[in-house]
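In this note's numbering, the protein residues as written are 1113 to 1325.
Below is the structure:
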């Protein structure tokens, strides 16, 4: 859980500094995007607490037409909704509120790829649903083939990819069986040409038996 949340915060800090927080903050008010990024760069995102925010969630799972059924807790019968109102609040700063339209404008024409395990899936699913919620009338396509999922919004020329890859490095078959080649990333050739790459992986290295990918 700790590693997963930490990875999400790093991802957030990397690409979501595109709008102002909805709360009053004298240090950020009237500042440019670069100034906000500079102020947040000295913030410890890992120290903080979960707080209730009545403006959340940023999207409704029931309104995201391509969300995986496993992520639609309300449809799966969860009776409470308070958990949807929580957001992470670092102790030393305020994270900017995600602005989907500004994100689409800033990254217009870009190709972004998440590479990794279930954490990457979580991030890809959340980002694409938030973008759809920001411009619900905009045309989109979702294509899923084997280990590659692609979400595109032609109006903005943006494509968000998900490449399922538990180990990141190469897994090859040899006489002794499957071998994890820590010194080889031939599969990484598929990552070339993208404007942004976000990597996630963790505990698959220690899994044994049927739990191994």
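For glycine and all other residues, C-beta sits at the position ideal for the given N, C-alpha and C.
Since we're looking at a predicted model, the values are computed, not measured.
* **Segment contact flag, the segment 1176 to 1193 with the segment 1217 to 1231, C-beta cutoff 8 angstroms, min 3 pairs** => No, because fewer than three Cβ pairs between the segment 1176 to 1193 and the segment 1217 to 1231 fall closer than 8 angstroms, the two stretches do not touch.
* For residue 1308, count neighbouring C-beta atoms within 10 Å of its own C-beta (all shown protein chains included) and say buried if the count is 16 or more, exposed if not. => Walking along the chain shown from the start, residue 1308 turns up at place 196. Answer is exposed; the Cβ neighbour count stays below 16.
* Asked: DSSP on residue 1264, reduced to helix/strand/coil?
  -> Taking the chain shown and counting its residues from 1, one reaches residue 1264 at position 152. Three-state DSSP puts residue 1264 in a strand.
* Backbone secondary structure at residue 1184 - three-state DSSP -> Within the chain shown, the letter at position 72 stands for residue 1184. In the structure shown, residue 1184 sits in coil (DSSP, three-state: anything other than H, G, I, E or B).
* Apart from the five residues on each side of it in sequence, which residues of its chain come closer than 8 angstroms, Cβ to Cβ, to residue 1156? -> On the chain shown, residue 1156 is found 44 positions in, with the first residue counted as 1. Taken in chain order, the residues that qualify are 1202, 1203 and 1204.
* Asked: Based on the DSSP secondary-structure assignment, which residues constitute the bridge partners of residue 1257?
  -> The sequence position of residue 1257 within the chain shown is 145, counting from 1. Per DSSP, 1260.
* Can you tell me which of 1281, 1305 and 1299 puts its alpha carbon nearest to the alpha carbon of residue 1314? => By 1-based counting over the chain shown, the position of residue 1314 is 202. Among 1281, 1305 and 1299, the Cα nearest to that of residue 1314 belongs to 1281.
* Can you grab the Cα-Cα spacing for the pair residue 1169 / residue 1209, in whole Å? => By 1-based counting over the chain shown, the position of residue 1169 is 57. By 1-based counting over the chain shown, the position of residue 1209 is 97. The alpha-carbon atoms of residue 1169 and residue 1209 are separated by roughly 11 angstroms.
* Between 1244, 1230 and 1285, which lies nearest to residue 1312 when the distance is taken from Cα to Cα? -> Taking the first residue of the chain shown as 1, we reach residue 1312 at position 200. Looking at the Cα atoms, 1230 is the closest of the given residues.
* **Three or more C-beta pairs below 8 angstroms linking the segment 1290 to 1304 and the segment 1269 to 1281** => Yes: at least three Cβ pairs fall under 8 angstroms.
* To do: Would you please state the rounded distance, in angstroms, between the beta carbons of residue 1173 and residue 1245? I believe it to be under 8 angstroms.
  => Within the chain shown, the letter at position 61 stands for residue 1173. Within the chain shown, the letter at position 133 stands for residue 1245. Not really, about 10 angstroms apart at Cβ, beyond 8 angstroms.
* Inter-residue spacing [alpha-carbon to alpha-carbon] between residue 1213 and residue 1292 -> As a position in the chain shown, residue 1213 is number 101, starting the count at 1. As a position in the chain shown, residue 1292 is number 180, starting the count at 1. Their Cα atoms are separated by approximately 41 angstroms.
* Asked: Between residue 1235 and residue 1226, what straight-line distance do the alpha-carbon atoms span, to the nearest angstrom?
  -> Residue mapping note: residue 1235 aligns to position 123 of the chain shown, counting from 1. Residue mapping note: residue 1226 aligns to position 114 of the chain shown, counting from 1. If I take the Cα positions, the gap works out to 8 angstroms.
* To do: Give a yes or no on whether the C-beta atoms belonging to residue 1180 and residue 1257 are separated by under 9 angstroms.
  => Along the chain shown, one-based indexing puts residue 1180 at 68. Along the chain shown, one-based indexing puts residue 1257 at 145. Taking 9 angstroms as the Cβ cut-off, residue 1180 and residue 1257 do not qualify as a contacting pair.
* **Nearest to residue 1178 (by Cα), restricted to the options 1302, 1303, 1270 and 1261** => Against the chain shown, residue 1178 aligns to sequence position 66. With distances taken between Cα atoms, residue 1178 lies closest to 1261.
* To do: Have a look at residue 1270 and residue 1232 and give me their C-alpha separation to the nearest angstrom.
  => Counted from its first residue, the chain shown places residue 1270 at position 158. Counted from its first residue, the chain shown places residue 1232 at position 120. Cα to Cα, the separation comes out at about 18 angstroms.
* Status (buried if at least 16 other CB within 10 Å, exposed otherwise) for residue 1153 -> Residue mapping note: residue 1153 aligns to position 41 of the chain shown, counting from 1. Under this definition residue 1153 is an exposed residue.
* Would a C-beta distance cut-off of 9 angstroms place residue 1277 and residue 1255 closer than the cut-off? -> On the chain shown, residue 1277 is found 165 positions in, with the first residue counted as 1. On the chain shown, residue 1255 is found 143 positions in, with the first residue counted as 1. Contact: no.
* **Extent of the continuous beta strand (DSSP E) run through residue 1311** => Position 199 of the chain shown, counted from the first residue, corresponds to residue 1311. That run of the beta strand (DSSP E) goes 1308 to 1312.
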